[in-house]
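Heads up: the sequence shown runs through residues -19 to -1, 1 to 214, numbered per mature numbering (1 follows the signal peptide of the UniProt record, and there is no 0).
Beta carbons: idealized from backbone N, C-alpha and C, even for Gly.
I have placed the structure first, in the form of structure tokens, so that the comments after it can refer back to it.
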Amino acid sequence: ITLLNILLFALSLVIFSSSKPPSTLSDQDHWKATSYYSPVFSRFPIPKLTLTTNGTFWPTSPPSLFRTRTGPAADAAWASIGSNIAPIIISSADVRALGKDPSVAVKAPPALNLGSDAYIAGMDVFHHLHCLDKLRREISYKHYHEATEGPYPGSELHEAHIDHCLDVLAQAIRCTGSVDVVTFNWVEGHKMPQPDFNNKKVCRDFEALREWTVENAVDSETFFKEAVGPPEG
């Protein structure tokens, strides 16, 4: 009887567990499922944000700073989302989980007092935004580069930087492979259907991620002063 009771109890557990609805995955679980390893996931629960993109073809009034080609306000806006973001710190275990070798990865400078198992790293999103900013500046080459690079197209290094950014952004877009659907509208004054790029998107909350990164980044002044080359020996 005891053995029978045990078998019946075990069977009831199986039936109960199989009748339960599948567990609901968190937003963080979904982010992880569509990403390679990132230590950020274990440190910060990235919020989900649903929004409608501003895909209008003609500029609004006032125009978005991210559609403004030159000027201090546009430069500051782009710097705040990419170029001026200091690195974060990861461990040697994180470096290995990324499929990379800690022996060649750059450690945090001793002046930061972060110990021996601290490596500098950055998030790819900020690299991509830096590249977009680089292309923005390239459109206004004379304004941004002519004084230091000479007449367009500039130095070989400058051209390589532009080519790198174009290639990296093309790879990133293909990797993400957005299947969000663009519809077409009839618009007065146009004989052909016009695409409606104002699409609803489910996004990682970039502003929350940017704020977390800024709060957890290394001291940028010390880093850029000290990280000038490999340590001696």
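Whole-angstrom distance between residue j and residue i, CA atom to CA atom
i, j, result
"residue 29", "residue 76", "27 Å"
"residue 36", "residue 179", "5 Å"
"residue 40", "residue 47", "10 Å"
"residue 21", "residue 187", "13 Å"
"residue 202", "residue 119", "27 Å"
"residue 132", "residue 151", "27 Å"
"residue 196", "residue 96", "19 Å"
"residue 7", "residue 92", "39 Å"
"residue 106", "residue 129", "28 Å"
"residue 65", "residue 170", "43 Å"
"residue 34", "residue 117", "20 Å"
"residue 136", "residue 108", "22 Å"
"residue 177", "residue 32", "15 Å"
"residue 78", "residue 126", "39 Å"
"residue 57", "residue 204", "21 Å"
DSSP beta-bridge partners of residue i
i, result
"residue 32", "182"
"residue 164", "177"
From the options, residue whose alpha carbon lies closest to that of residue i
i, options, result
"residue 159", "56, 184, 173", "184"
"residue 63", "204, 200, 192, 206", "192"
"residue 84", "91, 72, 95", "72"
"residue 80", "95, 123, 17, 130", "17"
"residue 24", "44, 45, 69, 49", "69"
"residue 98", "104, 108, 86, 109", "86"
"residue 147", "163, 112, 161, 124", "112"
"residue 74", "136, 115, 44, 19", "19"
"residue 102", "67, 82, 127, 135", "67"
"residue 121", "161, 55, 168, 181", "55"
Exposure label - residue i; buried when at least 16 CB within 10 Å
i, result
"residue 154", "exposed"
"residue 1", "For residue 1, the predicted structure reports a pLDDT of 43, less than 50, and the residue's modelled location is therefore unreliable. The matter cannot be settled from this model."
"residue 90", "buried"
"residue 59", "buried"
"residue 163", "exposed"
"residue 168", "exposed"
8 Å Cβ cutoff, residue i in contact with chain D
i, result
"residue 86", "Judged by its chain identifiers, the structure shown contains no chain D, having just a single protein chain."
Contained alpha helix (DSSP H) runs [length at least 4] in the segment 33 to 59, N- to C-terminal order: 53 to 59
Jot down the residue ranges of each uninterrupted beta strand (DSSP E) in the segment 66 to 104, minimum 3 residues, whole runs only, in chain order. 69 to 71, 100 to 102
To test your reading of the DSSP string, which unbroken alpha helix (DSSP H) runs of 4 or more residues are found completely within the segment 113 to 175? 122 to 125, 127 to 130, 137 to 157
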